[in-house]
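Sequences listed follow chains A and B, in order.
Counting from 25, one number per residue, gives the positions in the first sequence under the numbering used here.
Counting from 25, one number per residue, gives the positions in the second sequence under the numbering used here.
The structure appears right after this line, and notes come after that.
2 protein chains.
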Amino acid sequence: MKKLINSADTVVTDALVGMAAAHPGALRVDVDQRVVYRAIPKDAGRVAIVSGGGSGHEPLHSGFVGSGMLDAACAGEVFTSPVPDQIVSATVAVDRGAGVLHVVKNYTGDVMNFEMAAELAASSGIRIATVVVADDVAVEDSLYTAGRRGVGATLVVEKVAGAAAEEGRSLEQVAALAERVAQGGRSMGVALTSCTVPANGKPSFDLPDDEMEIGIGIHGEPGRSREKATGAREVARRLVEPIAADLPSADGDVIVLLNGMGATPLLELYIMYGQVVGLLREAGIAVARSLVGNYVTSLDMAGCSLTLVRADEEILRLWDAPVASPGLRWGE
Amino acid sequence: MKKLINSADTVVTDALVGMAAAHPGALRVDVDQRVVYRAIPKDAGRVAIVSGGGSGHEPLHSGFVGSGMLDAACAGEVFTSPVPDQIVSATVAVDRGAGVLHVVKNYTGDVMNFEMAAELAASSGIRIATVVVADDVAVEDSLYTAGRRGVGATLVVEKVAGAAAEEGRSLEQVAALAERVAQGGRSMGVALTSCTVPANGKPSFDLPDDEMEIGIGIHGEPGRSREKATGAREVARRLVEPIAADLPSADGDVIVLLNGMGATPLLELYIMYGQVVGLLREAGIAVARSLVGNYVTSLDMAGCSLTLVRADEEILRLWDAPVASPGLRWGE
Numbered sequence: 025m026k027k028l029i030n031s032a033d034t035v036v037t038d039a040l041v042g043m044a045a046a047h048p049g050a051l052r053v054d055v056d057q058r059v060v061y062r063a064i065p066k067d068a069g070r071v072a073i074v075s076g077g078g079s080g081h082e083p084l085h086s087g088f089v090g091s092g093m094l095d096a097a098c099a100g101e102v103f104t105s106p107v108p109d110q111i112v113s114a115t116v117a118v119d120r121g122a123g124v125l126h127v128v129k130n131y132t133g134d135v136m137n138f139e140m141a142a143e144l145a146a147s148s149g150i151r152i153a154t155v156v157v158a159d160d161v162a163v164e165d166s167l168y169t170a171g172r173r174g175v176g177a178t179l180v181v182e183k184v185a186g187a188a189a190e191e192g193r194s195l196e197q198v199a200a201l202a203e204r205v206a207q208g209g210r211s212m213g214v215a216l217t218s219c220t221v222p223a224n225g226k227p228s229f230d231l232p233d234d235e236m237e238i239g240i241g242i243h244g245e246p247g248r249s250r251e252k253a254t255g256a257r258e259v260a261r262r263l264v265e266p267i268a269a270d271l272p273s274a275d276g277d278v279i280v281l282l283n284g285m286g287a288t289p290l291l292e293l294y295i296m297y298g299q300v301v302g303l304l305r306e307a308g309i310a311v312a313r314s315l316v317g318n319y320v321t322s323l324d325m326a327g328c329s330l331t332l333v334r335a336d337e338e339i340l341r342l343w344d345a346p347v348a349s350p351g352l353r354w355g356e
Numbered sequence: 025m026k027k028l029i030n031s032a033d034t035v036v037t038d039a040l041v042g043m044a045a046a047h048p049g050a051l052r053v054d055v056d057q058r059v060v061y062r063a064i065p066k067d068a069g070r071v072a073i074v075s076g077g078g079s080g081h082e083p084l085h086s087g088f089v090g091s092g093m094l095d096a097a098c099a100g101e102v103f104t105s106p107v108p109d110q111i112v113s114a115t116v117a118v119d120r121g122a123g124v125l126h127v128v129k130n131y132t133g134d135v136m137n138f139e140m141a142a143e144l145a146a147s148s149g150i151r152i153a154t155v156v157v158a159d160d161v162a163v164e165d166s167l168y169t170a171g172r173r174g175v176g177a178t179l180v181v182e183k184v185a186g187a188a189a190e191e192g193r194s195l196e197q198v199a200a201l202a203e204r205v206a207q208g209g210r211s212m213g214v215a216l217t218s219c220t221v222p223a224n225g226k227p228s229f230d231l232p233d234d235e236m237e238i239g240i241g242i243h244g245e246p247g248r249s250r251e252k253a254t255g256a257r258e259v260a261r262r263l264v265e266p267i268a269a270d271l272p273s274a275d276g277d278v279i280v281l282l283n284g285m286g287a288t289p290l291l292e293l294y295i296m297y298g299q300v301v302g303l304l305r306e307a308g309i310a311v312a313r314s315l316v317g318n319y320v321t322s323l324d325m326a327g328c329s330l331t332l333v334r335a336d337e338e339i340l341r342l343w344d345a346p347v348a349s350p351g352l353r354w355g356e
């Protein structure tokens with residue numbers, strides 16, 4: 025294992041120290057609690073948004089802390105849920121009197137720890153709502169999950185909920201919007217290589233030089249099938265078809281996220297996006313907005329994932345609203 | 025070789041097709057000529073900025089086309105200079121009567137082809153100035169270069185020149201500023217793995233499982249030394265020391281770019297940045313601005329590079345000016 029780290033034991037804290045140094049005016053990092061906050065808290069009376077999860081998926085979630093998106097992100101160990109204590113700490117710190125929305129990816133540990141934290145925070149008088157994102161159509165009940173896994177749609181939920189909170193909507197309204205986005209999101213991924221968790225020191229799984237794993241999870245959990253690696257067009261088809269078949273037929277065009285897993289060049293992500301767009305056109309699915317790049321990664325895994333989210337006019341307007349985070353930024 | 029491509033022959037055009045689809049309102053892509061333009065040309069009387077180079081370093085240069093940065097980027101084949109015809113075509117298309125600055129990385133092919141294009145464009149009455157970026161302190165006279173190679177400082181040159189052009193400065197002024205930035209920039213990189221050029225189908229060089237290449241070029245050109253891979257702190261020291269020793273002692277703090285080579289997780293880049301900042305503090309070099317992420321990549325190479333650029337108040341003001349490109353975006 026060759027990695028630009030100091031020690032497998034200090035990966036998360038060392039990265040948070042670097043993140044604090046890189047964004048001094050924008051972020052405040054509690055390195056001990058492993059929580060990333062906005063440097064300037066939002067105004068009193070606004071709903072706050074907290075997310076978090078295992079590290080190794082950057083920029084998700086810490087990179088989405090900023091005006092128009094998250095108020096705080098709790099970083100667990102690599103591929104390991106943050107503990108309730110962190111989440112309570114973040115929730116108490118960001119509450120501005122209007123309540124806090126927890127955005128949780130559907131993994132057993134995350135769901136359990138956010139639930140526990142929500143109970144603890146609620147007992148001290150903070151109003152909490154929770155949205156669980158479960159958009160991965162690849163498999164039900166995976167290594168870390170009961171039900172579907174939460175992946176790329178999480179970014180869209182965080183963006184839209186963040187914009188709604190910024191506008192001054194109530195906790196019930198922000199939570200309902202987040203739920204609508206989550207319900208309209210579908211994703212699937214493909215791996216060309218494994219990833220290597222620093223603490224393990226070796227690849228999480230073996231993948232022969234000529235094979236790919238269709239339906240991979242963001243922690244390297246098994247997917248739907250292992251197949252001979254093919255070209256971009258065929259890979260795109262293997263992602264678009266199951267997603268399109270499962271996509272709610274609700275009104276609205278889609279927001280498309282073509283996401284790199286960490287080690288795939290942008291050149292290849294754009295090639296994949298070109299293929300995906302052609303297939304969506306054939307399937308009669310109209311693209312309203314798109315995002316191509318590394319957003320929900322799996323350490324050094326090569327591969328990509330595709331996310332489609334149904335978006336009505338309200339969701340699109342909130343998607344387009346200004347955001348200023350290290351990982352997502354526009355329209356300031 | 026496993027890659028998300030259709031064919032090694034169509035990598036660049038397929039990626040441009042995807043890029044056009046991903047940024048319909050912002051970019052106009054001439055796929056035949058392989059030039060990426062802003063969708064909306066800048067106002068008449070403003071200096072235009074054209075850059076370009078081999079593909080495989082995305083987002084450089086095509087991802088930096090947009091308001092406040094480049095007017096056009098010419099994409100060569102992977103790791104191969106664009107041809108004069110492309111550059112002439114881009115130069116003629118973007119000239120708004122105030123002349124065009126060519127930003128060129130110091131590789132023999134790029135320098136020659138941009139020179140030839142500048143002569144051709146000049147003969148049709150367009151005023152051209154050229155800045156050649158040669159910031160890599162690792163080696164003189166490498167595989168593709170006479171003199172030092174051009175790497176990370178190119179991004180800073182393009183950003184600062186782009187902002188100056190947007191303000192309505194003359195070609196002479198924009199070129200002088202670009203030259204000042206280029207002169208004040210120093211970089212060095214490290215590779216943990218090779219990259220694989222699609223047309224070759226195999227890694228560009230061999231690097232044993234426990235070794236790293238210090239001073240790597242962005243096409244996999246040999247660096248200064250091959251060594252046992254060590255931790256982030258030691259790698260940071262091996263980059264900071266030669267850069268600091270070579271950095272002009274001019275006034276001004278530095279803009280720092282901690283750049284991923286393509287396959288290195290953001291988590292590791294932040295760890296590296298934390299180490300770099302500590303070493304710069306020890307060396308008495310004050311950081312004015314920073315950027316951490318994948319900006320000047322080498323396909324699927326794992327590793328990173330460090331760039332320091334001396335920045336006086338004028339350069340910092342232009343660095344902070346609004347930019348809206350797919351790869352760099354703030355302060356709109």
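All C-beta atoms in this analysis are idealised placements derived from N, C-alpha and C, irrespective of residue type, glycine included.
Kindly say whether residue i, judged by its beta-carbon, lies nearer than 8 Å to any beta-carbon of chain D.
| i | result |
| --- | --- |
| residue 111/B | Here the protein chains are A and B, and chain D is not one of them. |
For residue i, does the count of other Cβ atoms within 10 angstroms reach 16, so buried, or fall short, so exposed?
| i | result |
| --- | --- |
| residue 15/A | The structure shown has nothing for residue 15/A, since chain A only spans 25 to 356. |
| residue 310/B | exposed |
| residue 360/A | With chain A covering only 25 through 356, there is no way to say anything about residue 360/A. |
| residue 48/A | exposed |
| residue 274/B | exposed |
Any beta carbon of chain B sitting closer than 8 Å to that of residue i?
| i | result |
| --- | --- |
| residue 230/A | no |
| residue 93/A | no |
| residue 236/A | yes |
| residue 292/A | yes |
| residue 278/A | no |
| residue 98/A | no |
| residue 314/A | yes |
| residue 45/A | yes |
Short of 8 Å in beta carbon distance, which residues of its chain neighbour residue i, apart from the five on each side in sequence? Order them along the chain.
| i | result |
| --- | --- |
| residue 70/A | 120, 122, 189, 190 and 192 |
| residue 201/A | 184, 185, 188, 193, 338, 339 and 342 |
For residue i and chain A, any beta-carbon pair shorter than 8 Å?
| i | result |
| --- | --- |
| residue 29/B | yes |
| residue 256/B | yes |
| residue 33/B | no |
| residue 227/B | no |
| residue 354/B | yes |
| residue 83/B | yes |
| residue 26/B | yes |
| residue 79/B | yes |
| residue 295/B | yes |
| residue 56/B | no |
| residue 153/B | no |
Are the CB atoms of residue i and residue j nearer to each other than 8 Å?
| i | j | result |
| --- | --- | --- |
| residue 83/A | residue 319/A | yes |
| residue 155/B | residue 199/B | yes |
| residue 223/B | residue 102/B | yes |
| residue 296/A | residue 217/A | no |
| residue 140/A | residue 26/B | no |
| residue 99/A | residue 74/A | no |
| residue 90/B | residue 289/B | no |
| residue 6/B | residue 79/B | What the structure shows of chain B is the stretch from 25 to 356, and residue 6/B is not part of that stretch, so it cannot be assessed. |
| residue 51/A | residue 108/A | no |
| residue 259/B | residue 28/A | yes |
| residue 279/A | residue 335/A | yes |
Less than 7 Å between C-beta atoms, sequence neighbours within five positions excluded: which residues of the same chain meet that for residue i?
| i | result |
| --- | --- |
| residue 68/A | 120 and 121 |
| residue 183/A | 93, 343, 347 and 352 |
| residue 257/A | 299 |
| residue 195/B | 71, 122, 123, 125, 151 and 153 |
| residue 86/A | 43, 60, 97 and 99 |
| residue 113/B | 57 and 59 |
| residue 53/A | 40, 43, 44 and 60 |
Please work out which residues of its chain come closer than 6 Å, Cβ to Cβ, to residue i, disregarding the five sequence neighbours upstream and downstream, and give them in chain order.
| i | result |
| --- | --- |
| residue 346/B | 92, 355 and 356 |
| residue 227/A | 218 and 220 |
Practice prompt. Indicate whether the contact test is met: 3 or more Cβ pairs, each with one atom in the region 341-351 of chain B and one in the region 297-309 of chain B, closer than 8 Å.
Written response: Flag = no, the region 341-351 of chain B and the region 297-309 of chain B do not touch.
Fill in: At least 3 beta-carbon pairs within less than 8 Å: the region 244-255 of chain A vs the region 174-184 of chain A
Contact fails: fewer than three Cβ-Cβ distances are below 8 Å.
Practice prompt. Evaluate contact between the region 316-335 of chain A and the region 275-289 of chain A, counting only Cβ atoms and requiring at least three cross-stretch pairs below 8 Å.
Written response: With a cut-off of 8 Å, the region 275-289 of chain A and the region 316-335 of chain A count as touching, because enough Cβ pairs lie within range.
Discussion item. Would the region 126-145 of chain B count as touching the region 158-174 of chain B if we require 3 or more Cβ pairs under 8 Å?
Written reply: Yes: at least three Cβ pairs fall under 8 Å.
Discussion item. Does the contact criterion of 3 or more C-beta pairs under 8 Å hold for the region 240-247 of chain A versus the region 205-221 of chain A?
Written reply: Judged by Cβ distances under 8 Å, the region 240-247 of chain A makes contact with the region 205-221 of chain A, as three or more pairs qualify.
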